[in-house]
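Asks: Please see the structure below; I have some questions.
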Amino acid sequence: MGLLSGLSRLELSNNQLTGSIPSKVGLLSYLERLHLFSNQLSGTIPTELGRLENLEATFNLSSNALTGTVPMDLGNMTNIEKLHLSNNKLVDSM
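Structure representation (structure tokens):
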């Protein structure tokens with residue numbers, strides 16, 4: 004992700020992406036928008052996403068196959084207005 008370090012938007016929704024969310028996404032410190040909804044992402048939500056303190060507006064991971072609990076670290080993202088996690092297989096809430 005080194006070459007993407009200045010990226011401000013990552014919008015990869017509705018692309019049938021599979022696999023897990025790379026923890027290195029949490030290193031994209033300038034990221035303001037992250038939309039990964041309506042894919043086939045699985046595994047847990049990486050705690051490293053809590054480092055994305057510049058995220059604004061909506062953070063959307065809905066309609067995937069994410070499992071596990073919602074990391075408490077997501078509470079560090081104080082600028083987001085909406086957090087969408089519906090239609091996953093999450094077992095706990097923040």
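Letter 83 of the sequence shown, counting from 1, is numbered 86 in the numbering used here, and no numbers are missing. Glycine included, each C-beta is placed from N, C-alpha and C at the ideal position. Here the structure is a predicted model, which means the values were calculated and not measured.
#1: Determine the burial state of V73: buried for a count of at least 16 other Cβ atoms within 10 Å of its Cβ, exposed for fewer.
#2: Does N79 come out as helix, strand or coil in the three-state DSSP assignment?
#3: With DSSP run on the structure shown, which of helix, strand or coil describes G2?
#4: Give the secondary structure of E51 by DSSP, where H, G and I count as helix, E and B as strand, and everything else as coil.
#5: Output the boundary residues of the beta strand (DSSP E) element that contains G46.
#6: Taking DSSP as the reference, what is the three-state secondary structure of L93?
#7: Helix, strand or coil, according to DSSP, for L86 in the structure here?
#8: For T50, which option in L69, N91, D76, E84 has the closest C-alpha, if you only look at C-alpha atoms?
#9: Going by C-alpha distance, which of T21, N82, N42 is nearest R54?
Replies: Reading it off the structure:
#1: Within the sequence shown, the letter at position 70 stands for residue 73. So V73 counts as buried.
#2: Sequence index remark: in the sequence shown, residue 79 carries index 76 (1-based). Helix, per DSSP.
#3: Not covered by the structure: residue 2. The range shown for the chain is 4 to 97.
#4: Walking along the sequence shown from the start, residue 51 turns up at place 48. If DSSP states are grouped into helix, strand and coil, E51 belongs with the helices.
#5: In the sequence shown, residue 46 corresponds to position 43, counting from 1. Here the beta strand (DSSP E) through G46 covers 43-46.
#6: For this step, residue 93 is matched to residue 90 along the sequence shown. Three-state result, L93: strand.
#7: The residue labelled residue 86 in the question sits at position 83 within the sequence shown. Three-state result, L86: strand.
#8: For the purposes of this step, residue 50 is taken as the residue at position 47 of the sequence shown. Looking at the Cα atoms, D76 is the closest of the given residues.
#9: Position 51 of the sequence shown, counting from 1, holds the residue named residue 54. The shortest C-alpha separation from R54 is found at N82.
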